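The structure appears right after this line, and notes come after that.
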Amino acid sequence: MTKRTSSQLWTGRFTEATDAFVEAFTASEHFDRRLYAQDIRGSIAHARMLATAGVLSDAERDAIIEGLAALRADIEQDDFDWSPALEDVHMNIEKRLTDRIGEAGKKLHTGRSRNDQVATDIRLYLRDAIDTICAQLLRFQQGLVDLAEREVDTILPGFTHLQVAQPVSFGHHMLAWYEMLVRDQERFEDCRKRMNVMPLGSAALAGTSFPIDRDMTCAELEFDRPSRNSLDAVSDRDFALEFTAAASILLTHTSRMAEEMIIWASPLVDFIDLPDRYCTGSSIMPQKKNPDVAEIVRGKTARVNGHLMALLTLMKSQPLAYNRDNQEDKEPLFDTVDTVRDSLHAFADMVPAMQVKKDTMYAAAKKGFATATDLADYLVRKGVPFRDAHAIVGAAVRHGVEQDMDLADMDLPTLRGFSETIDEDVYKILTLEGSVAARDHFGGTAPNQVRQRIAEARQRLEGAV
Ligand code: ARG
């Protein structure tokens, strides 16, 4: 048997070199190198703590910190010799550190394992990702509130079953999207709380025999507390599941927005115009202006839903503690982060820039008997039981369909033909403006209410930045 002279750091007990395929198959450095900054930050904190605990000398600590800082600069200048033979980001950095500073580098891994190291790195990485996502969400929310304010008096048909239902303020519609994003932000912030617990010190699975000070590393790495159980801390990835679930729900929301904008931008509906810079043309049909960005954001949901399923399945039935399966968490997670970042970038720019075609929206609301419920409510106020009022208005609508005529276009004798209780004052409530203004309670679509919700949203947004 040939004893391998390998660059790997764990070959002591091996008598045969790793199969070349296995080396490539098990390597993760080509994707987990993305964690380099978090890995170095964690290592610096660990080295400082080891020196305070008397495990490293001050000189060793300083050599390690300087060496790691130099490696970080090398990586950032794309001047770092990544090697798949060194498996992952952790061993690449540790080996290059030793190449650079000598003996002290070999002491860095005292009292720690890649298991607690990687669990720490991913948490640090996702914590930053959440902060970036929340900042993007705030920008998007701000854009929606601005648009809502501009269009608070614009009336469009509200739909149920994609059939004209009742008129609503376009501002109210934009604030519905805003509310979805507020909950998304809360979900990410909530996930961050459970994520912000430090595994470092758990070592491989059981902790370490060295006199470590976990509170010190915890403070330096800005975690809320050290983890309470080493087995759990190195093995669970529920924080990654929560993160991806929050991303899936967010992208489910953006897919709904995308779908509405795509429908609205269709010439058949013609409610909005999307900015040219956010649309693309057709290679064959010269007239086309396609809402591709909205369609791609709608499509991205599929990919993140897939990542969520991948991570759930990855964790299912895993025995304690760390298993190498967990290396498979990174690509779905990283792609989720990228997808959320790009989708939010696109929508935070594009959505508030849409041109609203007030006249088409208004005409569509007029055409669909959107004030039929208002007529029924009117009859109820005059003493007609709601169920009877519903039937009376139903008959009036049928007449309108046959005559191609809106309720507001019928003369009083015609309307009175359906119910004697109808008087001249009915026309006020049959207008779209009257209908919208009548829903004047907390949460309703009356522009007066929408203005108050906008003011509250602005206060919240100002407090957040
Ligand atoms: N690269 C591994 C991962 O991403 C971390 C190393 C743990 N490896 C090990 N053999 N215990 O999960």
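Okay, so the sequence shown: first residue is 1395 according to the numbering used here, each after it adds one.
No residue lacks a Cβ here, since even glycine has one placed at the ideal position from N, Cα and C.
Only a predicted model underlies this, so the values are computations on that prediction, with no experimental measurement involved.
Taking C-beta atoms as the reference points, L1826 and Y1772 fail to come closer than 8 Å. Inclusion of G1794 and F1836 in the CB contact set at 8 Å is not warranted, their separation being larger than that value.
Exclusion of S1437 from the 7 Å shell around the ligand ARG follows from its C-beta lying no nearer than that to any non-hydrogen atom of the ligand. Per DSSP, reduced to three states, the secondary structure at Q1530 is helical. Short of 7 Å from the beta carbon of V1731, and not among the five residues preceding or following it, lie these beta carbons of its own chain, in chain order: A1523. Taking every residue with its beta carbon within less than 5 Å of a heavy atom belonging to the ligand ARG gives, in chain order, S1422, D1482, R1508, V1512, N1720, Q1721. For S1563, the enclosing beta strand (DSSP E) starts and ends at 1557 to 1563. Of K1682, D1803, V1546, D1626, the smallest CA-CA separation from K1822 is found for D1803. Contact between the stretch 1526 to 1545 and the stretch 1732 to 1746 is present: three or more C-beta pairs spanning the two stretches fall below 8 Å. Membership of T1648 in the alpha helix (DSSP H) is indicated by the continuous run 1632 to 1659. Looking at the backbone, the Cα of R1407 and that of P1478 are separated by about 20 Å.
The continuous stretches of alpha helix (DSSP H) do not include T1839, and DSSP gives it neither H nor E. The same chain holds no residue with a CB closer than 6 Å to that of D1736 once the five nearest residues on each side in sequence are set aside. Here the C-alpha atom of K1710 lies approximately 26 Å from the C-alpha atom of R1427. Of the residues I1438, V1483, D1475, the one whose Cα lies closest to the Cα of L1462 is I1438.
Only exposed fits L1556, as fewer than 16 other CB atoms lie within 10 angstroms of its CB. Here DSSP, grouped into helix, strand and coil, assigns G1552 to strand. For R1466, the enclosing alpha helix (DSSP H) has its first and last residue at 1452 to 1470. Nearest to L1662 by C-alpha distance, out of D1584, T1754, R1442, is T1754.
Within the same chain, P1726 come within 6 Å of A1704 by CB-CB distance, once the 5 residues on both sides are set aside. The Cβ neighbour count for M1799, taken over all protein chains shown within 10 Å, is under 16; the residue is labelled exposed.
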